[in-house]
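Here is the structure we will look at, set down as structure tokens.
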Amino acid sequence: MEILLILASVCLVLFMVLATYDGFYLHIFKYSLFNHEESTFEHITHTIRAVLFPMIVWSLFVNETGATLFLFGIGLVVLDLVVLGIDAYSETESRKFMGGLPKWEYIIHLFSNSLHFAAIVLVLAIKIDVVEGSLLFVNAIPLSLAKEVFMFVSLNLVPGAIVLALLHGALLLHKPKSLWNTYRSKISCC
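Under our numbering, the first residue of the sequence shown is numbered 72, with each subsequent residue one higher.
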């Protein structure tokens, strides 16, 4: 179990680095997808996934209280997969204004989504036990350094993920979008 906790922690950290670079820097800061009419739908799918992520982490990674919240988290993962499929399908049309999705950004999407779902699969392997042909939710993972690191990573990425989700959501609204564009236009780097 120790190695699974370490691997899940590493996957989460690497995912958050790539997701922040892609979701904040590329999508919001550099390309301003929310400003392009053809990219609005893509921005909405990103917003939905940004909202789902901290709830997935809380219900699957942090939750040690019961199976109901855990099952809710699994449902969120299924919803996340559906939204990811819709997002991927729509990206061709969404990125026409910039000549299509750059190959290197496509590669970032592949790696970040792979790390995202690898972390989830590792957590499922940790928190689901098979006993006499039945699946059981593991309420408490034994205390260890690996668990402490895993919980530290999981708990500390939730606030940043919530901020990114709120920013995505705010940029769907006219006033925050206008405010963002005003301040963004004053930054000449990047």
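Here a beta-carbon is modelled for each residue, glycine too, at the ideal position from N, C-alpha and C.
Judged by beta-carbon spacing, E176 lies within the 9 Å limit of D93, meaning their Cβ atoms are closer than that value. With respect to T91, L235 sits close: the two C-beta atoms are nearer than 9 Å. Taking the Cα positions, I258 is about 11 Å away from W251. With respect to L78, L193 sits close: the two C-beta atoms are nearer than 9 Å.
Under a 10 Å Cβ-count criterion, N210 is classified as exposed, with fewer than 16 other Cβ atoms of the shown protein chains found around its own Cβ.
If you ignore the 5 residues before and after V84, its C-beta comes within less than 7 Å of the C-beta of V224, all in its own chain and listed in chain order.
Cβ-Cβ distances below 8 Å link L226 to V133 in the same chain, with the five nearest sequence neighbours on each side left out; the list follows chain order. Going by DSSP, F188 is part of no beta strand (DSSP E) but of the alpha helix (DSSP H) stretching over 174-198.
By the Cβ neighbour-count rule, A196 is exposed, with fewer than 16 other Cβ atoms within 10 Å of its own. Sequence-distant Cβ neighbours of P247 in its own chain, meaning closer than 7 Å and more than five residues away, are A241. Rounded to the nearest whole angstrom, the C-alpha separation of E164 and D158 is 11 Å. A residue is called buried once 16 or more other Cβ atoms fall within 10 Å of its Cβ, and P173, having fewer, is exposed. Under a 10 Å Cβ-count criterion, T118 is classified as buried, with 16 or more other Cβ atoms of the shown protein chains found around its own Cβ. For V154, the three-state secondary structure derived from DSSP is helix. Going by beta carbons, M72 and P230 fall outside the 9 Å limit. Taking a 10 Å sphere around the C-beta of L142, we find fewer than 16 other C-beta atoms and assign the residue as exposed. Around the beta carbon of D200, fewer than 16 other beta carbons lie within 10 angstroms, which makes this residue exposed. As computed with DSSP, S205 is found in a beta bridge with V202.
When the five nearest sequence neighbours on each side are left out, the beta carbons in the same chain lying within less than 6 Å of the beta carbon of A190 are those of A79, C82, L83, in order along the chain.
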